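Numbering of the sequence shown is given in my numbering, commencing with residue 41 and proceeding in unit increments.
Contents: one structure, followed by commentary.
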Amino acid sequence: TTRGPFSFRVRELSGQLGVDTTVRASPADTIILSVAAATYRVDISDVPAACAVRQSTAQAIVVPPNTNTSLVRFFITCEPGLTVITGTDGAASDPDYVVTVTNAKGAVFSSVLRSNDTVRFAGIEAGNYDVTLRLVADNCVVTSNGGEIVPVSVVTRGSVLVRYRIVCAQVASRPRIVRLVGSYHEGSIAYVLRATDPEGDITRTFVDVTDCNRRSVLPGGGQLRQGLASAPNVARRDTALIIGAYDLDVTDAQLANRCLAVWVDDAFGNVSPILEVPLLRRNAARAPAPMTFNARLNGVRSISVNASASDPNGDYLGAFLVYLLRDGVLTNPDGQPDRVLQQPAGIIGPVNAELGVGIGFGAWNDYLGVIVYLVDAEGNFTRVIDMDLFQ
Numbered sequence: 041t042t043r044g045p046f047s048f049r050v051r052e053l054s055g056q057l058g059v060d061t062t063v064r065a066s067p068a069d070t071i072i073l074s075v076a077a078a079t080y081r082v083d084i085s086d087v088p089a090a091c092a093v094r095q096s097t098a099q100a101i102v103v104p105p106n107t108n109t110s111l112v113r114f115f116i117t118c119e120p121g122l123t124v125i126t127g128t129d130g131a132a133s134d135p136d137y138v139v140t141v142t143n144a145k146g147a148v149f150s151s152v153l154r155s156n157d158t159v160r161f162a163g164i165e166a167g168n169y170d171v172t173l174r175l176v177a178d179n180c181v182v183t184s185n186g187g188e189i190v191p192v193s194v195v196t197r198g199s200v201l202v203r204y205r206i207v208c209a210q211v212a213s214r215p216r217i218v219r220l221v222g223s224y225h226e227g228s229i230a231y232v233l234r235a236t237d238p239e240g241d242i243t244r245t246f247v248d249v250t251d252c253n254r255r256s257v258l259p260g261g262g263q264l265r266q267g268l269a270s271a272p273n274v275a276r277r278d279t280a281l282i283i284g285a286y287d288l289d290v291t292d293a294q295l296a297n298r299c300l301a302v303w304v305d306d307a308f309g310n311v312s313p314i315l316e317v318p319l320l321r322r323n324a325a326r327a328p329a330p331m332t333f334n335a336r337l338n339g340v341r342s343i344s345v346n347a348s349a350s351d352p353n354g355d356y357l358g359a360f361l362v363y364l365l366r367d368g369v370l371t372n373p374d375g376q377p378d379r380v381l382q383q384p385a386g387i388i389g390p391v392n393a394e395l396g397v398g399i400g401f402g403a404w405n406d407y408l409g410v411i412v413y414l415v416d417a418e419g420n421f422t423r424v425i426d427m428d429l430f431q
């Protein structure tokens, strides 16, 4: 009922009665025309591009002699040009927000949304808009792609959907990232972050590469890494020191001039504010170099990994390990080796690690090799791989 009015043209088909008239009406209206008995054609027009008429925009109707009423009814379905959904959870959640939709000319549409709500902008025209979630409480963070501001293109047919995911935290227990550095090289990234936490129970990290405006440039978006709470460099520490690395399905050209966006949360779901910093090209002259590195099977029971590094400027920090298995052992086959992380928060200092095999993570003969990322305090890294586990 927010669309219209529509135009209706009524014509007598034979042309002998000379009936050809056009009327306009809104969706809630009923139009009654007094006409002679005959066969008529009724056409509807002025239907917005975001709407569709069921079956046809033209209908034929026979008005028999000595009858009371013959009825023509059009069913019209309209899609809103833009739908905005909010989903909020966590402690002390924000009860409501304001969403604004701004076009290229600066015209603004706005609406109030509750913490878990849906609002539809039905009359919005085709064009480019910035959708902005405003008045988000200080203890809450928008974790969905793009953060508070999401650019959209509304087309003439079909609705654009924007979903905001908001997580709120208890301020007294909330972790915070105090330092974040990272670099990229040959499609891989490595990073170092320090995060404070009153309870020392940081559990997860979320890492994304963005356009420096919180919008992901990765094909699958950012990645969540869990299981940090028991790491010796995290557990019961008021300042956690975390080393991480990823191999990404992108080129260095796609990583150039991008940013690293990271948040952490604790065992109770309290999410830190998101920190977004420039992602720099690896400085090869300052990156650590392996002095020793060997990954070896200990019979059928375990894999031991030993590595040490030298560093040109003496700021080697630690390493991140990835164990490679045959494709399809742990997940559905995708053409790439499966991966196991035993130390998701990284290892500080030299590497002397052992992974037990055959306990839910594949048998000894499923393992192919080990990747080690040697990382310094500025996020410069060297990636080395050992694909011979028999020596």
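For each residue, glycine too, the CB sits at the ideal point set by N, CA and C.
These numbers come from a predicted model, not from an experiment.
Between the alpha carbons of T126 and G386 lies a gap of roughly 35 Å. Within the same chain, and ignoring the five residues on either side of T117 in sequence, the residues whose Cβ sits closer than 6 Å to its Cβ are A92. At the C-beta level, Y231 and I314 stay beyond 9 Å of one another. The beta carbons of V124 and V139 sit about 5 Å from each other, so the pair counts as a contact at 8 Å. Taking the Cβ atoms as the reference, Y363 lies roughly 6 Å from V410, within the contact range of under 8 Å. When Cβ pairs closer than 8 Å are counted between the two stretches, the region 395-415 is seen to touch the region 343-356, the count reaching three or more. In the three-state scheme derived from DSSP, where H, G and I count as helix and E and B as strand, Q294 is classed as helix.
Within its own chain, no residue has a Cβ closer than 6 Å to the Cβ of D292 once the five positions on either side in sequence are excluded. Excluding the 5 residues flanking it on each side, D351 has same chain C-beta neighbours closer than 7 Å at P328, D416, in chain order. For G260, the closest of T243, N323, D287 by C-alpha to C-alpha distance is D287. Within the region 297-376, complete beta strand (DSSP E) segments of at least 3 residues are found at 299-306, 315-318, 329-338, 342-350, 356-365, given in chain order.
Residues A271, F360, L361, A393 of the same chain have their beta carbon placed closer than 8 Å to that of Q383, with the five preceding and five following residues left out of the count. Looking only at E165, Y169, S47, the smallest Cα-Cα distance to G146 is reached by Y169. The secondary-structure analysis by DSSP pairs F430 with nothing; it has no beta-bridge partner. Excluding residues up to 5 positions away in sequence, S66, P67 lie with their Cβ nearer than 6 Å to the Cβ of G44 in the same chain. With respect to the 9 Å criterion, S155 and S184 are not classified as neighbours on the basis of their beta carbons. Secondary structure at A212: helix, using DSSP grouped into helix, strand and coil.
Looking from the CA of I217, the closest CA among R234, Y204, A324 belongs to R234.
Contiguous beta strand (DSSP E) elements confined to the region 81-162 occur at 91-93, 98-103, 116-118, 122-130, 136-143, 148-154, 157-161, taking only those with 3 or more residues. Ranked by Cα distance from L357, the options P191, T196, F421, N334 are led by F421. Note on geometry: alpha-carbon atoms of L320 and A90 lie some 44 Å from one another. Our two residues, G222 and D178, have alpha carbons roughly 27 Å apart in a direct line. By the neighbour-count definition (other C-beta atoms within 10 Å, threshold 16), S74 is an exposed residue.
By the C-beta density criterion, F115 is exposed, having fewer than 16 other C-beta atoms within 10 angstroms. Counting other Cβ atoms within 10 Å of its Cβ, L365 reaches 16 or more and is therefore classed as buried. By the beta-carbon neighbour count (other beta carbons within 10 angstroms, threshold 16), R254 is buried.
Within the model, the alpha-carbon separation for G240 versus L429 is close to 36 Å.
Rounded to the nearest whole angstrom, the C-alpha separation of G368 and R423 is 24 Å. If you check the CB distance, A100 and T79 come in under 9 Å. Where V410 is concerned, the enclosing beta strand (DSSP E) starts and stops at 407-416. Closest by C-alpha distance to G167, out of T196, I189, V190, F161, is T196.
In the same chain as T107, and ignoring 5 residues on each side of it, the C-beta atoms closer than 8 Å to its own belong to A77, in chain order. Per DSSP, the continuous beta strand (DSSP E) segment holding R265 begins and ends at 263-265. The residue among D237, A212, V317, F161 with its C-alpha nearest the C-alpha of L201 is F161. By the neighbour-count definition (other C-beta atoms within 10 Å, threshold 16), I399 is an exposed residue.
With respect to the 9 Å criterion, G262 and T243 are not classified as neighbours on the basis of their beta carbons.
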